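Chemist:
Below, the structure written as structure tokens:
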């Protein structure tokens, strides 16, 4: 029982749960709007954000937020040309990751623990990190709740949304901003390489259970929280890295939900 | 004051002019049909009129607080999004169960209320989209080839429903269609579009013009013949049709 009260562990759990809350409902939009690759590109840009934050001595979440947002805007600005969205995202996503890795390698070795930013380093979260994570989660969920009806209408049809007097272009920007925010708050917990997984896997699992969009968002959040707590205990038990363990747990939930769905249909 | 008044608008897709020099206005209560060959800018014009795409020049004035009900050509609902018909009709404004049921009943699909949108057939979905369009008691109903994928009796039924709704709600209707013969009997004004407006007027006037024949003359001879035939019966002799024709069952069904 003393494990439970372990200060490190409590902070880690709070960080992981906060991340899961930020990712749950937003992850549903990533699934609905098929933005998985977009999420990857934004998350991969985060490594460059870490390097630039260290270079200019600003806080790392802020650096990540700015670079991730810039990446989101760049994707928006470049799409619609002759390069298909698929290859455009491929170029930007891997390009950003490579540039970030090169930039980090140019830093003095002692200053950057690259692995921590690629895979997360949840066991060293500070009180400040917790504040950033929970603050970010509150902002993301608050904005989604505020624009919920409009965002749903816009997924179905931009033209229908325009005819109802909505502004899909502005709301798409809002989603880009929220994804950048989630990348900034999640990088400490799951790392740049697995942030998209934290967005998509709980939402995909929730889709197998839910019959409405609100239900899917609630289930995605619940599944994310369960995976966060379960993954952390698994990591502690088996001495595995925390971020990947959380994603493994979420994937296991997806498999169970999927098998359950198959059985119900059979 | 017209509901929508467009003056000399031009819409570009990149370097190409999709629509140019178009002026048109929609008055309350009238049914206006835009016809034109593929790629003539019909849908583009419609989407500009509802504000979904910008014009590169010209002005579009909408009546203040204009309520538009829009029925798109098709609606692709990603299976990743779980959404019942009832939830769909509550977007983007929540209208409540009673209003939803009334609208669905009006378009004849009340039994679909709890079905998933992604499981509907083409015809069912169009009626659900129409139900959604009439929810806010629109002043203008805009339909973009709303009967694509329906068979002929299906689309004839659909247009009869539109006409009945117009009479009931008193809204104007602006639609794009390629099914001239089905649509025209229910149209006050036809606008023949091919980038610019080739001709416009009552169905009888438009079909008699040279420009119209150049656009549709050879390809749609059958449809035209059928249309003129309908038209003769409705307006020339003013009497009920007594002999057997293609459209005869439509008269029956309307009773």
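Residue numbers (the numbering used here), protein chains in the order written: chain U, 1 to 266; chain P, 1001 to 1255.
Cβ coordinates follow ideal geometry from the N, Cα and C atoms, glycine included.
If you're wondering where the values come from, they're calculated on a predicted model, not measured in any experiment.
So the candidates are P/1013, P/1030, P/1023 and P/1015; which of them puts its Cα closest to the Cα of residue 1175 of chain P?
Modeler: For the purposes of this step, residue 1175 of chain P is taken as residue 175 along the second chain, with counting starting at 1. Of the listed residues, the one whose Cα sits closest to residue 1175 of chain P is P/1030.
Chemist: Using a C-beta to C-beta distance shorter than 8 Å, which residues of chain U count as neighbours of residue 1078 of chain P?
Modeler: Taking the second chain and counting its residues from 1, one reaches residue 1078 of chain P at position 78. Neighbours of residue 1078 of chain P on chain U, chain order: 32, 34 and 155.
Chemist: Out of P/1151, P/1108, P/1211 and P/1009, point me to the one whose CA is closest to residue 1059 of chain P's CA.
Modeler: The residue labelled residue 1059 of chain P in the question sits at position 59 within the second chain. Measuring from the Cα of residue 1059 of chain P, the nearest candidate turns out to be P/1009.
Chemist: Between residue 1070 of chain P and residue 156 of chain U, what straight-line distance do the alpha-carbon atoms span, to the nearest angstrom?
Modeler: Here residue 1070 of chain P refers to the residue found at position 70 when the second chain is read from its first residue. Here residue 156 of chain U refers to the residue found at position 156 when the first chain is read from its first residue. Computed Cα separation, rounded: 13 Å.
Chemist: State the CB to CB distance for the pair residue 100 of chain U and residue 44 of chain U, rounded to an integer number of angstroms; the pair is presumed to be in contact (CB under 8 Å).
Modeler: By one-based count along the first chain, residue 100 of chain U stands at place 100. By one-based count along the first chain, residue 44 of chain U stands at place 44. Indeed, because the Cβ distance is near 7 Å, the residues count as touching under 8 Å.
Chemist: Kindly confirm or deny that the segment 245-261 of chain U and the segment 1132-1143 of chain P touch, where touching means at least three C-beta pairs closer than 8 Å.
Modeler: As far as the Cβ criterion goes, the segment 245-261 of chain U does not touch the segment 1132-1143 of chain P, which means the pair count is below three.
Chemist: Decide yes or no for the touch test of the segment 1045-1052 of chain P against the segment 1115-1123 of chain P: beta carbon pairs closer than 8 Å, at least 3 of them.
Modeler: Cβ pair count under 8 Å is below three, so no.
Chemist: DSSP three-state label for residue 214 of chain U, please.
Modeler: As a working mapping, residue 214 of chain U is identified with position 214 in the first chain. Of the three classes helix, strand and coil, the one that applies to residue 214 of chain U here is helix, per DSSP.
Chemist: Do the segment 184-191 of chain U and the segment 234-250 of chain U make contact, defined as three or more Cβ pairs closer than 8 Å?
Modeler: Contact between the segment 184-191 of chain U and the segment 234-250 of chain U is present, because at least three Cβ pairs lie under 8 Å.
Chemist: Leaving out five residues on either side along the sequence, give the residues of the same chain with a beta carbon under 6 Å from the beta carbon of residue 262 of chain U.
Modeler: Stepping through the first chain from its first residue, residue 262 of chain U is reached at position 262. Nothing listed; no residue qualifies.
Chemist: Quick one: list the residues of chain U neighbouring residue 1063 of chain P, beta-carbon separation under 7 Å, in chain order.
Modeler: Numbered from 1 along the second chain, position 63 holds the residue referred to as residue 1063 of chain P. None at all; the shortest Cβ gap to chain U is about 13 Å.
Chemist: Does the beta carbon of residue 1075 of chain P sit closer than 7 Å to a beta carbon anywhere in chain U?
Modeler: Walking along the second chain from the start, residue 1075 of chain P turns up at place 75. It does; some Cβ of chain U falls within 7 Å.
Chemist: Quick check on DSSP: helix, strand or coil for residue 1023 of chain P?
Modeler: Counting from 1 along the second chain, the entry for residue 1023 of chain P is found at position 23. The answer is strand: DSSP assigns residue 1023 of chain P an E or B state.
Chemist: Under the rule that 16 or more other beta-carbon atoms within 10 Å means buried, what is residue 1114 of chain P, buried or exposed?
Modeler: Against the second chain, residue 1114 of chain P aligns to sequence position 114. Exposed is the call here.
Chemist: Residue 173 of chain U versus chain P: which residues are under 9 Å apart at the beta carbon?
Modeler: As a first step, residue 173 of chain U must be located in the first chain, where it is residue number 173. What residue 173 of chain U touches in chain P: nothing, since even the nearest Cβ is about 17 Å away.
Chemist: Answer yes or no: the CB of residue 245 of chain U versus the heavy atoms of the ligand MG, is any distance below 6 Å?
Modeler: The model on display carries no ligand, and the ligand MG is accordingly not part of it.
Chemist: Pick helix, strand or coil for residue 135 of chain U, following the three-state DSSP scheme.
Modeler: As a working mapping, residue 135 of chain U is identified with position 135 in the first chain. Reduced to three states, the DSSP call for residue 135 of chain U is helix.
Chemist: Distance check for residue 63 of chain U and residue 1086 of chain P, CA to CA, integer angstroms please.
Modeler: Locating residue 1086 of chain P in the second chain gives position 86, counting from the first residue. Locating residue 63 of chain U in the first chain gives position 63, counting from the first residue. So the two alpha carbons sit approximately 44 Å from each other.
Chemist: CB residue 1002 of chain P to CB residue 1025 of chain P, shorter than 7 Å?
Modeler: The sequence position of residue 1002 of chain P within the second chain is 2, counting from 1. The sequence position of residue 1025 of chain P within the second chain is 25, counting from 1. Yes.
Chemist: Taking the Cβ atom as the reference point for each residue, do residue 285 of chain U and residue 25 of chain U lie within a distance shorter than 7 Å?
Modeler: Residue numbering for chain U in the displayed model covers 1 to 266; residue 285 of chain U lies beyond these limits and cannot be assessed.
Chemist: Using a Cβ cut-off of 9 Å, which residues of the segment 1087-1101 of chain P contact any Cβ in chain U, in chain order?
Modeler: Residues passing the 9 Å Cβ filter: 1087, 1088, 1090, 1091, 1092, 1093 and 1094.
Chemist: For the candidate residues P/1211, P/1213, P/1197 and P/1074, whose alpha-carbon lies nearest to that of residue 1020 of chain P?
Modeler: Here the question's residue 1020 of chain P lines up with position 20 in the second chain. Comparing Cα positions, the closest option is P/1197.
Chemist: Between residue 1216 of chain P and residue 78 of chain U, what straight-line distance do the alpha-carbon atoms span, to the nearest angstrom?
Modeler: As a position in the second chain, residue 1216 of chain P is number 216, starting the count at 1. As a position in the first chain, residue 78 of chain U is number 78, starting the count at 1. So the alpha carbons of these two residues sit roughly 40 Å apart.
Chemist: Note down, in chain order, all residues in the segment 1037-1050 of chain P with a beta-carbon under 8 Å from any beta-carbon belonging to chain U.
Modeler: The residues in question are 1047 and 1050.
Chemist: Which chain P residues sit within Cβ distance under 7 Å of residue 164 of chain U?
Modeler: Along the first chain, one-based indexing puts residue 164 of chain U at 164. The answer, in chain order, is 1092.
Chemist: Buried or exposed, going by whether 16 or more other CB atoms sit within 10 Å of the CB of residue 1127 of chain P?
Modeler: The residue you call residue 1127 of chain P lines up with position 127 of the second chain. Looking at its Cβ environment, which holds 16 or more other Cβ atoms inside 10 Å, residue 1127 of chain P is buried.
Chemist: Using DSSP bridges, identify the partner residues of residue 1194 of chain P.
Modeler: Translated into the one-based positions of the second chain, residue 1194 of chain P becomes position 194. Residue 1194 of chain P pairs with P/1196.
Chemist: Report the partner residues of residue 236 of chain U according to the DSSP bridge assignment.
Modeler: Counted from its first residue, the first chain places residue 236 of chain U at position 236. None, per the DSSP bridge assignment.
Chemist: Below 7 Å between beta carbons: does that hold for residue 1082 of chain P and residue 216 of chain U?
Modeler: Here residue 1082 of chain P corresponds to residue number 82 of the second chain, with the count starting at 1. Here residue 216 of chain U corresponds to residue number 216 of the first chain, with the count starting at 1. In contact: residue 1082 of chain P and residue 216 of chain U (Cβ atoms closer than 7 Å).
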